[in-house]
Amino acid sequence: MSDAITPDAITPEADASAQPEAPTPGASASAQPEAAEAGATATATEAQAAPTTATGLADPSGVEGRENPRKVREGVVISTSMDKTVVVEATDRVRHRRYAKTVQRATKLFAHDEENDANVGDRVRIQETRPLSKKKRWRLVEVIERAR
């Protein structure tokens, strides 16, 4: 039993090396908030550094670093009878699954035209946007070529 360590045999230096020192009450109160504030300001700075545009709208060409940029399509205006709305026919060339032939598929897209600038037959570029009405999810970016 003489080899066993008794509580009387433990010296203060040995006890201090075995356990980490607890910070003094005055030091811990001032050190911890500074560390918390430093972490909070770093995340706030990172949030402010995120790229934003003045208008909040995406660039027509797409935004670099953005996971899902807005789609941009070209097509021909087939109707302008509604106010501030044009119907654009966009054609896609897709390969048929079974016959491996290239097939053209046409899609009618309703686009917002703020100035009623486009006319029937114009070739236009449209960009995906937030839903503006039941069917309108696109907006007119530019008129590429006027109808003759």
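One point on numbering: in my numbering, the residue at position 5 of the sequence shown is 5, and numbering is uninterrupted.
Ideal Cβ placement from N, Cα and C applies to all residues, glycine included.
All values reported here derive from a predicted model rather than from experimental measurement.
Alpha carbon to alpha carbon, what distance is there between A90 and S79? 13 Å
Rounded separation between V103 and D92 - CA only: 8 Å
Look at the alpha carbon of I126 and the alpha carbon of E74, and state the distance between them as a whole number of angstroms. 6 Å
Please report the residue range of the beta strand (DSSP E) in which D117 lies. Taken as a continuous stretch (DSSP letters only), D117 belongs to no beta strand (DSSP E), as it is neither H nor E.
Residue from A100, F110, V120 and H96 with nearest C-alpha to P131: F110
Measuring straight from C-alpha to C-alpha, what distance separates R105 and R95? 10 Å
Between the beta-carbon of T161 and the beta-carbon of D113, is there less than 9 Å? The structure shown does not extend to residue 161, since the chain spans only 1 to 148, so no value can be given for it.
Among the candidates P69, R146, R70 and E142, whose CA atom is the shortest distance from the CA of E115? E142
May I ask you to report which of helix, strand or coil DSSP gives L132? coil
Once the 5 residues before and after K135 are set aside, which same chain residues still bring their CB inside 7 Å of it? These residues qualify, in order along the chain: F110.
Could you tell me the alpha carbon to alpha carbon distance between R137 and E128, rounded to whole angstroms? Across the structure, R137 and E128 are spaced so that their CA atoms are roughly 6 Å apart.
Between the Cα of M82 and those of I144, N119, K71 and E145, spot the shortest distance and give me the residue it belongs to. It is N119.
Please go through the same chain and pick out, in chain order, the residues whose beta-carbon is closer than 7 Å to the beta-carbon of A147, but skip the five residues on each side of it. In its chain, beyond the 5 residues on either side, N119, V120, G121 and D122 have a beta carbon closer than 7 Å to the beta carbon of A147.
Who does T102 pair with in a DSSP beta bridge? Note: T102 sits in a beta bridge opposite R95.
Mind checking which residues open and close the beta strand (DSSP E) that includes G121? From DSSP, G121 is part of no beta strand (DSSP E); its letter is neither H nor E.
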